[in-house]
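Notes for the one structure printed next.
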Amino acid sequence: MVIHHRRKQDNKQIFSYVILFIIVVGFLATVGFQALVQGSLFVASLSSKKTATGPRDDALIFAPELLALPDATNSARLLVSGSAPLGYTVTILVNDVEQEELPESPSTEFETEVTLDQGDNTLAVLARRDGAAELTSENYQSSIVTKSQRWTVESPSDGKTTR
Numbered sequence: 002m003v004i005h006h007r008r009k010q011d012n013k014q015i016f017s018y019v020i021l022f023i024i025v026v027g028f029l030a031t032v033g034f035q036a037l038v039q040g041s042l043f044v045a046s047l048s049s050k051k052t053a054t055g056p057r058d059d060a061l062i063f064a065p066e067l068l069a070l071p072d073a074t075n076s077a078r079l080l081v082s083g084s085a086p087l088g089y090t091v092t093i094l095v096n097d098v099e100q101e102e103l104p105e106s107p108s109t110e111f112e113t114e115v116t117l118d119q120g121d122n123t124l125a126v127l128a129r130r131d132g133a134a135e136l137t138s139e140n141y142q143s144s145i146v147t148k149s150q151r152w153t154v155e156s157p158s159d160g161k162t163t164r
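Residue 2 is where the sequence shown starts when you use this note's numbering, and the numbers rise one by one after that.
Structural data, given as structure tokens:
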């Protein structure tokens, strides 16, 4: 009787292990295998040394722009900087006349010097690339001020100084 009872216990334990084994195999076959494949593909993509060297066709293209342009200056030469899409040739327009053309750059940023006309000037950036539409920035205004400013004191006070 003791042997028969021990066999029943062993059979129950074996049956429990078989059920557990079937559940684990079923889980691995459905969810676990897919997770293993996805994980290995992710790790492989991390170690891949492929890098983009040029502009992608599906990349976001933004309009060119000038940065920190003064409203007025006392010099005819003005240093302008800005940004344009990667892979585009940049042309600076002063009063709708192409003045400075910058070749394609490995960066989206550019900097160059332009000559302003006397008085008010309109500046813009034109970005071009073969096989793509031209991109134009908004117009920016900058003036050359050559006259010195006249200062007048309207309410003088004795003993006070102003800088």
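We put the beta carbon where it would ideally sit given N, CA and C, even for glycine.
Starting from the C-beta of residue i, find all residues in its chain whose C-beta is less than 7 Å away, skip the five residues before and the five after it, and write them out in chain order.
i, result
"Asp121", "Gln142, Ser144"
Say yes only if the C-beta of residue i is nearer than 7 Å to one or more non-hydrogen atoms of the ligand MG, and no if none qualify.
i, result
"Asn96", "Annotation note on the ligand MG: not contained in the displayed structure, which lists no ligands."
Can you give the beta carbon distance from residue i to residue j, rounded, assuming they're within the 8 Å contact cut?
i, j, result
"Leu94", "Leu127", "6 Å"
"Asn96", "Thr116", "Between Thr116 and Asn96 the Cβ distance is about 11 Å, and since that is not below 8 Å, they are no contact."
"Ala73", "Val146", "5 Å"
"Arg130", "Thr92", "The Cβ separation is near 12 Å, so there is no contact."
"Ala30", "Leu136", "Incorrect: roughly 53 Å between the Cβ atoms, too far for contact."
Which of the three DSSP states, helix, strand or coil, is assigned to residue i?
i, result
"Asp11", "helix"
"Leu94", "strand"
"Ser143", "strand"
"Val115", "strand"
"Thr162", "coil"
"Leu21", "helix"
"Ser76", "coil"
"Thr137", "strand"
"Ser46", "helix"
"Val126", "strand"
"Leu29", "helix"
"Leu87", "coil"
"Gly120", "strand"
Hey, would you say residue i sits closer than 8 Å to residue j, going by beta carbons?
i, j, result
"Glu105", "Gly88", "yes"
"Glu101", "Thr90", "no"
Who are the near neighbours of residue i in its chain, counting only those whose CB is closer than 6 Å to its CB and skipping five residues on each side?
i, result
"Glu99", "Thr92"
Q. Quick one: any contact between the segment 71–87 and the segment 107–125, if contact means 3 or more CB pairs under 8 Å?
A. yes
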